[in-house]
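Using UniProt numbering, the letters of the sequence shown map in sequence onto residues 1 to 317. Each residue gets a CB set at the ideal place from its N, CA and C atoms; glycine is no exception. The block underneath contains the structure these notes are about, expressed in structure tokens.
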Amino acid sequence: MNTNNRKVVLVGTGFVGMSYAYAMLNQNTCDELVLVDIDKKRAEGEAMDLNHGLAFSGSHMKIYAGSYEDCTDANIMVISAGVAQKPGETRLDLLQRNTAVFKSIVEPVVASGFSGIFLIATNPVDIMAHITLTLSGFPSQRVIGTGTALDTARLRYMLGEYFHVDPRNVHAYVMGEHGDSEFVPWSQALVATKPVLDLCSEAGGKFSCDGMTKIGDEVKNAAQKIIEAKKSTYYGIGMAMVRITKAILSNENSVLTVSTLLRGEYGCDNVYAGVPSIVNQNGIESVITLSLTDEELKKFQDSCNILKNAYSGIQFN
Ligand code: NAD
Numbered sequence: 001m002n003t004n005n006r007k008v009v010l011v012g013t014g015f016v017g018m019s020y021a022y023a024m025l026n027q028n029t030c031d032e033l034v035l036v037d038i039d040k041k042r043a044e045g046e047a048m049d050l051n052h053g054l055a056f057s058g059s060h061m062k063i064y065a066g067s068y069e070d071c072t073d074a075n076i077m078v079i080s081a082g083v084a085q086k087p088g089e090t091r092l093d094l095l096q097r098n099t100a101v102f103k104s105i106v107e108p109v110v111a112s113g114f115s116g117i118f119l120i121a122t123n124p125v126d127i128m129a130h131i132t133l134t135l136s137g138f139p140s141q142r143v144i145g146t147g148t149a150l151d152t153a154r155l156r157y158m159l160g161e162y163f164h165v166d167p168r169n170v171h172a173y174v175m176g177e178h179g180d181s182e183f184v185p186w187s188q189a190l191v192a193t194k195p196v197l198d199l200c201s202e203a204g205g206k207f208s209c210d211g212m213t214k215i216g217d218e219v220k221n222a223a224q225k226i227i228e229a230k231k232s233t234y235y236g237i238g239m240a241m242v243r244i245t246k247a248i249l250s251n252e253n254s255v256l257t258v259s260t261l262l263r264g265e266y267g268c269d270n271v272y273a274g275v276p277s278i279v280n281q282n283g284i285e286s287v288i289t290l291s292l293t294d295e296e297l298k299k300f301q302d303s304c305n306i307l308k309n310a311y312s313g314i315q316f317n
């Protein structure tokens with residue numbers, strides 16, 4: 001990886017894409033940021049707007065609207081482009097239309113000679129990451145979905161509030177589909193090195209397992225609640241994407257719940273799902289297989305089966 005000029009190409013300069021770009025600029029995460037959108041004028045306007053903030057950012061980032069030819073020497077290709085669900089449209093119809101969108105993006109990117117890492121945010125993110133893998137022919141290590149990274153951040157924030165602890169000292173994950181079948185393996189949730197289930201049983205009623213269940217539900221329903229209030233969610237996911245980008249560009253070996261291709265882990269094969277994984281300049285270095293209880297393992301496998309079924313319905317021609 002060329003770390004002298006850390007270059008990122010972003011496709012899809014909508015709410016999510018531009019929240020990412022704005023956070024990239026403010027966190028000075030790369031040296032060159034290229035914005036691509038089917039609406040070229042929009043990408044140009046967004047590049048102008050960000051450039052006008054450069055003087056206040058302490059960054060020398062080069063930002064411009066470009067094309068797929070700019071991917072040749074890019075380190076990371078981020079995709080947050082997509083079409084929205086039409087009234088009456090099924091989930092599979094939407095998937096089929098987003099497959100066509102991804103075909104129009106991934107094929108010219110690969111043709112450019114791009115040899116970096118794909119980072120996918122478009123929903124349904126686990127399936128769109130799998131589609132990118134198929135369309136690109138890349139090794140799965142270099143095709144990453146944002147997975148349950150945002151859900152995990154929401155969980156740590158809510159547990160931090162509940163236990164009155166800095167979320168950075170909360171170690172807990174949301175696993176599986178980024179969607180309805182996601183779940184929290186509570187047996188693996190810790191505050192510092194103390195299991196939250198022990199904290200609940202020892203708290204004399206101050207903390208409880210019911211409280212954990214409520215938090216798990218709130219995490220799952222968070223996106224819907226935000227959408228009801230302001231139509232869509234974008235700041236949190238934009239920052240989650242920056243976090244993953246940093247782990248790649250700085251070769252951090254960070255553990256993040258990204259969506260990756262499972263090959264036998266947790267008894268699941270050939271399916272993309274959110275699992276704690278080590279992320280570095282190679283993309284997914286490895287998956288950390290947690291010691292789930294039988295009940296948690298069943299929830300994870302059920303979630304993977306839902307994803308597998310949805311993926312198997314997609315036509316690629
Ligand atoms: P948006 O409609 O604001 O932006 C989508 C952009 O994609 C638009 O600018 C559009 O012009 C562009 N686009 C469409 N077709 C294209 C093509 N063929 N080539 C290039 N660009 C194209 O939507 P948004 O709010 O930014 O959301 C983007 C995606 O992110 C959605 O799929 C949304 O569900 C998803 N999302 C994911 C998460 C997550 O946790 N992974 C969270 C929130 C949103």
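- For residue 269, the uninterrupted beta strand (DSSP E) segment begins and ends at 269-280.
- Under the three-state reduction of DSSP output, residue 19 falls in the helix class.
- Residue 289 sits exposed, since fewer than 16 C-beta atoms from the chains shown fall within 10 Å of its C-beta.
- Residue pairing by DSSP places residue 195 opposite 190 in a beta bridge.
- The secondary-structure analysis by DSSP pairs residue 117 across a beta bridge with 76.
- If only uninterrupted alpha helix (DSSP H) runs of at least 4 residues are considered, those enclosed by the stretch 145-227 are 149-163 and 196-202.
- Fewer than three Cβ pairs drawn from the stretch 182-200 and the stretch 252-259 lie within less than 8 Å of each other, which leaves the two stretches out of contact.
- Close CB contacts of residue 211 within its chain, under the 8 Å cut and outside five residues either way in sequence, are with 162 and 200 (chain order).
- In this structure, the CA atom of residue 66 is about 15 Å from the CA atom of residue 49.
- Here DSSP, grouped into helix, strand and coil, assigns residue 285 to strand.
- Rounded to the nearest whole angstrom, the C-alpha separation of residue 100 and residue 262 is 24 Å.
- When the beta-carbon positions are compared, residue 152 and residue 125 stay at least 7 Å from each other.
- The beta carbon of residue 285 sits closer than 6 Å to the beta carbons of 278 from its chain, once the five residues preceding and following it are set aside; these are given in chain order.
- When distances are taken from the beta-carbon of residue 204 to the heavy atoms of the ligand NAD, even the shortest one reaches 6 Å or more.
- The three-state secondary structure of residue 263, taken from DSSP, is strand.
- Residue 87 sits exposed, since fewer than 16 C-beta atoms from the chains shown fall within 10 Å of its C-beta.
- The Cβ atoms of residue 307 and residue 275 do not sit closer than 7 Å to each other.
- Close CB contacts of residue 244 within its chain, under the 8 Å cut and outside five residues either way in sequence, are with 119, 144, 146, 149, 256, 258 and 279 (chain order).
- With distances taken between CA atoms, residue 176 lies nearest to 297 out of 81, 237, 192 and 297.
- Residue range 91-111 is occupied by the alpha helix (DSSP H) that includes residue 111, with no beta strand (DSSP E) assigned at that position.
- Residues 68, 69, 71 and 72 of the same chain have their beta carbon placed closer than 6 Å to that of residue 112, with the five preceding and five following residues left out of the count.
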